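Colleague: The structure that follows is given in the form of structure tokens.
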Ligand code: GLU
């Protein structure tokens with residue numbers, strides 16, 4: 099079978115973990131089967147639509163490195179299927195169902211429907227809901243109804259849900275599912291009176307016309323599936339296979355939401371996560387790949403993904419685990435790649451310049467510094483956002499710490515100043531390319547001066563980096579240069595003498 103799957107987001111918000119997980123599972127399934135992955139914008143709900151959400155979708159896909167295989171004009175980026183460009187098709191199909199006697203025109207006004215709705219205590223939704231609808235127009239004479247429409251009367255088209263019996267379908271994860279037709283929404287609207295399709299109609303028509311073989315979507319859609327199956331039957335079409343994906347929960351067992359932490363991909367990106375870490379972690383939410391291994395590339399996941407390895411139970415989102423993955427992927431980057439990744443964050447912090455296009459444009463000197471610093475910070479970065487605060491002292495003289503910060507335990511200001519002087523005399527004679535040699539020289543000098551090696555190093559570290567905890571010191575001094583280093587030592591000495 100030629101597998102064809104789709105991710106069908108409604109651009110009514112920014113992409114979040116749940117959506118990306120659905121996209122990723124579909125993507126991996128398609129890739130694992132040599133199938134086709136389709137992106138379809140379900141933008142039928144125009145009240146909640148915004149262009150920025152569409153842009154966010156494209157940005158997110160580009161960032162994650164997902165690409166779709168097919169589109170209406172040309173394959174590839176920026177041409178997915180867009181439902182608002184296909185309205186005539188849905189209209190045609192709804193009318194076809196009316197002609198087949200499987201759907202009907204309904205002339206009930208909004209007021210009447212609102213009252214039925216309220217009487218049945220239904221909740222207001224974004225789509226016209228048939229909750230509480232009494233099927234009044236179901237038995238109108240079709241010829242008469244068609245004449246009223248032809249005369250310009252406003253009408254919606256509703257699907258005739260069988261009044262008895264059950265609807266069955268098989269879910270790849272949840273097994274056989276059977277619904278009483280009496281529990282399906284009473285005759286849902288397919289086409290609104292303005293000619294716009296509802297989600298249900300457009301979704302089913304497109305899945306059929308696009309030859310979708312597997313519908314893999316969030317479990318919250320499962321209650322719509324019986325109605326969709328009935329629509330396939332009404333059209334005389336074979337339904338695709340279904341696989342409803344378990345929910346993603348926060349640690350407290352409720353649906354993952356802002357309360358638990360970042361959920362939108364924008365936030366993760368802004369907070370310094372790598373797409374690789376996010377992909378790998380999200381791919382592992384309720385799915386296993388290969389025993390005894392945690393780090394996979396998108397290509398490897400694509401090769402190893404199997405529907406049978408998906409868990410039936412909900413997955414719990416663990417921010418700490420994602421953080422761990424992030425650190426792992428940062429460590430796997432070589433200097434050039436990591437430098438490239440941290441540059442935008444350094445530019446945001448004003449440490450490197452930007453070009454006119456707003457992109458980071460470091461000078462040759464800044465660039466050398468950034469590249470040289472990568473081996474120093476790589477092991478320490480949990481997020482790309484850690485880079486700027488961690489590296490600031492390499493670019494500019496740090497704020498002068500308080501006197502006490504410089505003074506090792508059991509020593510005083512005068513002795514600390516002496517040790518700084520000793521460092522200042524040692525440094526010009528050190529070959530900073532030879533870290534072990536520098537260390538040996540400092541150890542020997544500390545011994546000779548009757549000081550601990552740590553007590554000699556600590557004030558120097560604070561003077562140069564502004565902090566007692568920093569990336570490796572001699573490597574830092576090498577990057578900062580001797581002249582600037584000695585100036586920082588001098589500044590510290592003056593403070594201690596004051
Ligand atoms: N447009 C629906 C959504 O926003 C798609 C549901 C489906 O995949 O069928 O999630």
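In the working numbering, the protein residues as written are 99 to 596. All residues carry an ideal CB built from backbone N, CA and C; glycine is no exception. For clarity, every value in this text was computed on a predicted model and none was experimentally measured.
(1) Please list the segments of the beta strand (DSSP E) lying wholly inside the region 123-182, counting only runs of 3 or more residues, in order along the chain.
(2) Check whether the region 153-163 touches the region 197-213, counting contact only when three or more Cβ pairs, one atom from each stretch, lie closer than 8 Å.
(3) Considering only the beta carbon of each residue, do residue 117 and residue 107 sit closer than 8 Å?
(4) Tell me which same chain residues have a C-beta within less than 7 Å of the C-beta of residue 393, skipping the five on either side of it?
(5) Could you tell me the distance, in whole angstroms, from the CA atom of residue 131 to the CA atom of residue 304?
(6) According to the neighbour-count rule (16 or more other Cβ atoms, all chains shown, within 10 Å of its Cβ), is residue 591 buried or exposed?
(7) Using DSSP bridges, identify the partner residues of residue 102.
(8) Could you tell me if residue 631 is buried or exposed, where buried requires 16 or more neighbouring beta carbons within 10 angstroms of its beta carbon?
(9) To the nearest whole angstrom, what separates the beta carbons of residue 617 and residue 499, a pair I think is in contact under 8 Å?
(10) Is the beta carbon of residue 400 sitting closer than 8 Å to the one on residue 119?
(11) Whose C-beta lies closer than 7 Å to the C-beta of residue 236 among residues of the same chain, with five residues either side of it excluded?
(12) Between residue 295 and residue 188, how many whole angstroms is the CB-CB distance? I'm expecting something under 8 Å.
(13) So, do the region 473-485 and the region 428-438 have three or more beta carbon pairs nearer to each other than 8 Å?
(14) Between the region 267-278 and the region 321-328, do at least 3 Cβ pairs fall closer than 8 Å?
(15) Here's a check: name, in chain order, each residue in its chain whose Cβ is nearer than 7 Å to the Cβ of residue 269, leaving out the five neighbours to either side.
(16) Taking the beta carbon of residue 165 as the centre, do at least 16 other beta carbons fall within 10 Å, making it buried, or is it exposed?
(17) Starting from residue 316, trace the alpha helix (DSSP H) both ways and give me its first and last residue.
(18) Give a yes or no on whether the C-beta atoms belonging to residue 444 and residue 468 are separated by under 8 Å.
(19) Looking at the unbroken beta strand (DSSP E) that takes in residue 265, where does it start and where does it end?
(20) Taking the straight line between their C-alpha atoms, what separation do you get for residue 589 and residue 561?
(21) When burial is assigned at 16 or more other CB atoms within 10 Å of the CB, is residue 349 buried or exposed?
(22) Identify whether residue 557 lies in helix, strand or coil by the three-state DSSP scheme.
(23) Under 8 Å: do the region 144-156 and the region 404-422 share three or more Cβ pairs, one atom per stretch?
(24) Assuming residue 201 is part of the beta strand (DSSP E), what are its boundary residues?
(25) Given a cut-off of 8 Å on the beta-carbon distance, is the pair residue 77 and residue 540 in contact?
Modeller: This is what the structure holds:
(1) 134-139
(2) no
(3) The residue given as residue 117 occupies position 19 in the chain shown. The residue given as residue 107 occupies position 9 in the chain shown. Yes, the Cβ-Cβ distance between residue 117 and residue 107 is below 8 Å.
(4) Position 295 of the chain shown, counted from the start, is the residue given in the question as residue 393. Result list for residue 393: 378, 426, in chain order.
(5) For the purposes of this step, residue 131 is identified with residue 33 of the chain shown, where counting begins at 1. For the purposes of this step, residue 304 is identified with residue 206 of the chain shown, where counting begins at 1. Between residue 131 and residue 304, the C-alpha separation is close to 22 Å.
(6) Taking the chain shown and counting its residues from 1, one reaches residue 591 at position 493. Residue 591 comes out buried.
(7) The residue you call residue 102 lines up with position 4 of the chain shown. For residue 102, which the question treats as bridged, DSSP gives the partners 134.
(8) Residue 631 falls outside the range modelled here, since the chain spans only 99 to 596, and no answer is possible.
(9) The structure shown does not extend to residue 617, since the chain is modelled only from 99 to 596, so the question has no answer here.
(10) Indexing the chain shown from 1 puts residue 400 at position 302. Indexing the chain shown from 1 puts residue 119 at position 21. Contact: no.
(11) Here the question's residue 236 lines up with position 138 in the chain shown. Correct list, in chain order: 202, 258, 285.
(12) Within the chain shown, residue 295 is the residue found at index 197, counting from 1. Within the chain shown, residue 188 is the residue found at index 90, counting from 1. That pair is a contact at about 4 Å.
(13) yes
(14) They touch, by the three-pair rule.
(15) Working through the chain shown from its first residue, we reach residue 269 at position 171. Closer than 7 Å at Cβ, skipping near neighbours: 275, 340, 341, 342.
(16) In the chain shown, counting from the first residue as 1, residue 165 sits at position 67. Here residue 165 is exposed. Its C-beta has fewer than 16 other C-beta atoms within 10 Å.
(17) Sequence index remark: in the chain shown, residue 316 carries index 218 (1-based). Annotation for residue 316: no alpha helix (DSSP H) segment contains it, though the beta strand (DSSP E) segment containing it runs 312-316.
(18) Translated into the one-based positions of the chain shown, residue 444 becomes position 346. Translated into the one-based positions of the chain shown, residue 468 becomes position 370. In this structure, residue 468 lies closer than 8 Å to residue 444 by Cβ.
(19) Taking the chain shown and counting its residues from 1, one reaches residue 265 at position 167. Looking at the DSSP string, the run of the beta strand (DSSP E) that includes residue 265 is 264-269.
(20) Along the chain shown, one-based indexing puts residue 589 at 491. Along the chain shown, one-based indexing puts residue 561 at 463. Rounded to the nearest angstrom, the two C-alpha atoms are 8 Å apart.
(21) For the purposes of this step, residue 349 is taken as residue 251 along the chain shown, with counting starting at 1. Counting every other CB atom within 10 Å of its CB across the protein chains shown gives residue 349 a total below 16, marking it as exposed.
(22) Residue mapping note: residue 557 aligns to position 459 of the chain shown, counting from 1. Three-state DSSP puts residue 557 in a helix.
(23) no
(24) Residue 201 sits at position 103 when you count from the first residue of the chain shown. Element bounds for residue 201: 201-204.
(25) In the structure displayed, the chain extends from 99 to 596; residue 77 sits before or after that span and is not available.
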